[in-house]
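Residue numbers (this note's numbering), protein chains in the order written: chain B, 38 to 610; chain P, 5 to 381. Where is the CB? At the ideal position from N, CA and C, for every residue including glycine.
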Amino acid sequence: MPEVLASIQGVSKSFPGSSVPALDNIRGEIRAGEICGLVGADGAGKTTLLRLLAGLMEPSEGRITITGLDSVDDTSAIHERIGYMPQRFGLYEDLTVVENLHLYADLRGVVNEERTEAFERLLRFTDLARFTERLAGALSGGMKQKLGLACALIRKPRLLLLDEPSVGVDPISRRELWKMVGDLVDDGIGVVWSTAYLDEAEQCDTVILLHEGHLVHNGPPDDLTQHVEGRVYLVRGIAEDQRRQVLARSLREEAIIDGVIQGKSLRLLVRVGESLPNLPGTAEVTKPRFEDAFIDSLGGGPGGESALAAGMTAIRSGDGTPVIDATDLTKKFGDFTASDRVSFQVHQGEVFGLLGPNGAGKSTAFKMMCGLLQPTSGRAKVAGLDLKTATSQARSRIGYMAQKFSLYGDLSVRQNLEFFAGIYGLSGARKRSAIERMIETFNLDAYLKTSAALLPLGFKQRLALSCAVMHEPAVLFLDEPTSGVDPLTRREFWNHINGLVEKGVTIMVTTHFMDEAEYCDRIALVFRGRVIASGSPDALKSESIPGREASLEEAFIALIERELGKTEKGAPA
Amino acid sequence: MNLARWRRIRGLIRKEMAQVVRDPSSVLIAFVLPGVLLFLFGYGVSLDATAVKVGVVMESATPEAQSLVAAFRNSPSYEVRVGRDRRDFEEDLVAGNIRGLIVIPATLTESLRRGDAVTAIQVIVDGSEPNTASFVQNYAQGTVANWMVQQSFDVGRSRSIAPRVSTEPRVWFNPEIQSRWFLLPGSIAIIMTIIGTLLTALVVAREWERGTMEALMATPLGTLEFIIGKLTPYYLLGMGSLAVCVVVSVTLFELPFRGSVFVLVLVSSIFLITMLALGLLISTVSKNQFVASQIALVVGFLPSFLLSGFVFEISSMPLPIQTLTRIIPARYFVTCLQTIFLAGDVRSVLVPNTLALVAIGSVLMLLVARKTSRRLD
């Protein structure tokens, strides 16, 4: 058994002003030579636990020891032994790569030949040697992340703490980072890797799974997925336009506790001791994922009903022309092209996704489609209206939910609802009934007087959605709607989306979550401002990696590599 | 101090310097802002009253009265309009067209002839602007007194009309009574306040905002090392801008420098460190650049501007406010600077004021050390 580097003994942490503890009686061990995944949604308590491990906070109850040292009494000694990479990597963006390295080398007392040697090793390891004189702020997301890692590794630590190192980074960099961390673990370092991506949990040796401050699972990920072995089914061969109805119907079954759309198929989780009811299509048992097991351990998903869609009037189907039509959309900021000849069409009742890493140009394309940004060239039409000439007319048909929470944090829930009803032109009885419907649909009664900023994350998400759909728009734009939220909230959210689609609403989403992209009818992969491929998730998978069933992430990587190969060949030697 | 510790401080200083060099806003605050302020205070602001509009009422046009009117006319301090009745000017005074009214009574000549000890000349001033009002009053008195002395020589009847005791005003330290001369040392104090508080308040808050503070805290860097590493570069920057200020003031504005450079550097260092500690305290507490800059303005810049005696005389403030000025570091520094520039190294002034600065600085430093915690909660 390898040495225990960190031991978490019944740790709780409460913050003043909050009635719910951020962490409640957490236990766990982190061993040398292992990757420990600290897994959970935003607000689950991951960062708090990491800060406790780094000795940057004191536990309210319980204790933590790092290599036998108490995290409160021996903080300085612990800081000599750990490497810590906070969110946003802890880099000075106005310093160059090498200046950042020098600073951390000075702080950690790495000098003379030892420093030369460390720099050489880390620059080779991270492949940053070509960029030593570049400002850290000018690096891409993936390179920043590698530099952050290098800074945390300047003096080889016993324990390396990484706070969401892979969030928003492109899939190639993410894969490289996993490989790098794998090498460190082989060297005997213990690594804590915090993440909101549940698929990353499967790659860890052990997992500490948190949900709303509680420990859900502590141990190898397989121990948890074992519980759902043989209960996860993939249902194929359902007609394309039937999937959402079949999903909603199957979630009404007593025997099925969870279900999501996965490309062309449905993924269903069956209750213990029950068997799969009769459904259209062909069902077969599939390999369980960590997410299935997580939902199972939380007692199942939220069901398939959408009270929101139920109360909405169906939208008359159109004449078959695309509802969203982008032609050669280009946006330049100075000499930087954020969006390069982006074209796509979305038809009524379709869910269309823009998938890509942070900084790829998703949001730029998206904002041009909602009339928030004027394209440098190209044309954007929504519901037959040109956004350049009929902006305000087009906007009244659009619902927009911005990335991160864009409501007024200082206003109460009711004030937010009233404000957004007002700006979308609702008044009098229509306004009152729309607001009442939203409050009822999303169970907002208890929070009406609460400031929006103080809402739990799930309720923020609900409020944001209700503000975007109150005026019953024909087209709904969702910018990273469920990044970082827990899988229960995400399912609830997608139930509403699916319900709206059934009513004829056209949906466009952006996301950097691969599994969120699986919920879309069609996706476009955005990389460096350009659409490098588009189609249904299944088509992209089989097209990019023929012959076997690949994941969407693998498909994305293959498509990016193909794209990079093209540009490198095309470039003058 | 052991080697590792020294190396950490040096690393932090080097990093801070590199950031200062790259960040145009620090250079702007340290070197451009002082220039702008100095020009503003040197050329733009003047508390000297010249060409104040007054009305002179000559009730009877005797030669004496005319001669006195001429004395007012010849003074650069006034722009004089002459009338025969005070009622001519009442409306102008109400409308603010003139700042004061000097009434030369019809009895002037008579009174002079009799050799009265007191000759009543009425001065009516517009009290809505107290500064100008007292200026008009004092200068009117001065002008009259001067005129009387001259009158006695001219007429050769000095014994009968010259006042028994004559005062001969002589102004020390600022013989031309140029307000620029006491404004400039004061504005240097204001500049040092801005650099000290604003700059440090911003830089530490920035570390919190960008999440780099958390990364620093997880390294072996200690609290004291952090404070020294943060203060040193901005101390040097502040002293650099002091040098700029002094050189510009002495060469361009011909401000006298009667003290010694050593004392100037010593006192300025103590003041600057105090203000740096204040800035550090602000940003440690607020952790947000916007809030930090607002607080820096409210607790740093404004009190230094209003309560240091730089523009507004402390002795003419109400007692509670006067007491409040005692905790404003700039108050002591303004006094020290004015003394060093205009009077020289006057120990009896400099020592108590410097000690007060040391006391305030030590309290602030203590607070900083206590508030700069090694933990996030």
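Residue nearest to residue i in terms of C-alpha spacing, selected from the options
i	options	result
residue 75 of chain B	B/247, B/265, B/492	B/247
residue 275 of chain B	B/189, B/287, B/264, B/265	B/287
residue 57 of chain P	P/210, P/137, P/126, P/7	P/137
residue 566 of chain B	B/551, B/132, B/392	B/392
residue 219 of chain P	B/436, B/193, B/432, B/200	B/200
residue 596 of chain B	B/576, B/585, B/569	B/569
residue 514 of chain B	B/330, B/491, B/543, B/526	B/543
residue 47 of chain B	B/40, B/60, B/549	B/60
residue 336 of chain B	B/291, B/192, B/245	B/291
residue 183 of chain P	P/328, P/258, P/124, P/353	P/258
residue 473 of chain B	B/161, B/487, B/451	B/451
residue 355 of chain B	B/377, B/331, B/328, B/386	B/386
Chain B contact for residue i (CB, 7 angstroms cutoff)
i	result
residue 223 of chain P	yes
residue 218 of chain P	yes
residue 12 of chain P	yes
residue 23 of chain P	yes
residue 34 of chain P	no
residue 8 of chain P	yes
residue 57 of chain P	no
residue 381 of chain P	yes
residue 15 of chain P	yes
residue 375 of chain P	no
residue 233 of chain P	no
residue 19 of chain P	yes
residue 210 of chain P	no
Interface flag, residue i vs chain P, CB-CB below 7 angstroms
i	result
residue 249 of chain B	no
residue 195 of chain B	no
residue 154 of chain B	no
residue 127 of chain B	yes
residue 88 of chain B	yes
residue 390 of chain B	no
residue 91 of chain B	yes
residue 116 of chain B	yes
residue 123 of chain B	yes
residue 609 of chain B	Caution is warranted here: a pLDDT of 44 is assigned to residue 609 of chain B, below 50, making its placement in the model unreliable, and no coordinate value can be reported.
residue 94 of chain B	yes
residue 447 of chain B	no
residue 136 of chain B	yes
Coarse secondary structure for residue i, derived from DSSP in three states
i	result
residue 254 of chain B	strand
residue 352 of chain B	coil
residue 282 of chain B	helix
residue 221 of chain P	helix
residue 378 of chain B	strand
residue 529 of chain B	helix
residue 452 of chain B	helix
residue 287 of chain B	helix
residue 162 of chain P	Confidence is the limiting factor: at residue 162 of chain P the pLDDT is only 46, short of 50, which leaves the residue's position unreliable, though a coordinate-based value still follows. In this structure, residue 162 of chain P counts as helix in the three-state DSSP scheme.
residue 44 of chain B	strand
residue 292 of chain P	coil
residue 220 of chain B	helix
residue 73 of chain B	strand
Cβ separation of residue i and residue j, assumed to be a contact under 8 angstroms, to the nearest whole Å
i	j	result
residue 96 of chain B	residue 49 of chain B	7 angstroms
residue 555 of chain B	residue 574 of chain B	5 angstroms
residue 280 of chain P	residue 200 of chain P	5 angstroms
residue 252 of chain B	residue 191 of chain B	That pair is no contact at about 32 angstroms.
residue 363 of chain B	residue 381 of chain B	5 angstroms
Worksheet entry | the region 342 to 358 of chain B contacting the region 292 to 303 of chain B, beta-carbon criterion three pairs below 8 angstroms | no
Per the contact definition of three or more C-beta pairs closer than 8 angstroms, is the region 203 to 212 of chain P in contact with the region 312 to 324 of chain P?
no
message = Across the region 211 to 222 of chain B and the region 141 to 154 of chain B, are there enough close Cβ pairs to call them in contact, namely three or more that are closer than 8 angstroms?
response = no
- [ ] State whether the region 90 to 107 of chain P contacts the region 57 to 67 of chain P, with contact taken as three or more CB pairs (one from each stretch) at a distance under 8 angstroms.
- [x] yes
Closer than 8 angstroms is the cut-off here; do at least three beta carbon pairs connect the region 121 to 137 of chain B with the region 171 to 178 of chain B? yes
message: Counting beta carbon pairs with one atom in the region 497 to 505 of chain B and one in the region 308 to 316 of chain B, are three or more of them shorter than 8 angstroms?
response: no
The region 103 to 118 of chain P in contact with the region 72 to 82 of chain P per 3-pair CB rule at 8 angstroms: yes
Would you call the region 372 to 380 of chain B and the region 396 to 411 of chain B touching, i.e. three or more CB-CB distances under 8 angstroms? yes
Using 8 angstroms as the threshold, is the region 111 to 127 of chain B in touch with the region 87 to 96 of chain B, meaning 3 or more CB pairs across them?
yes
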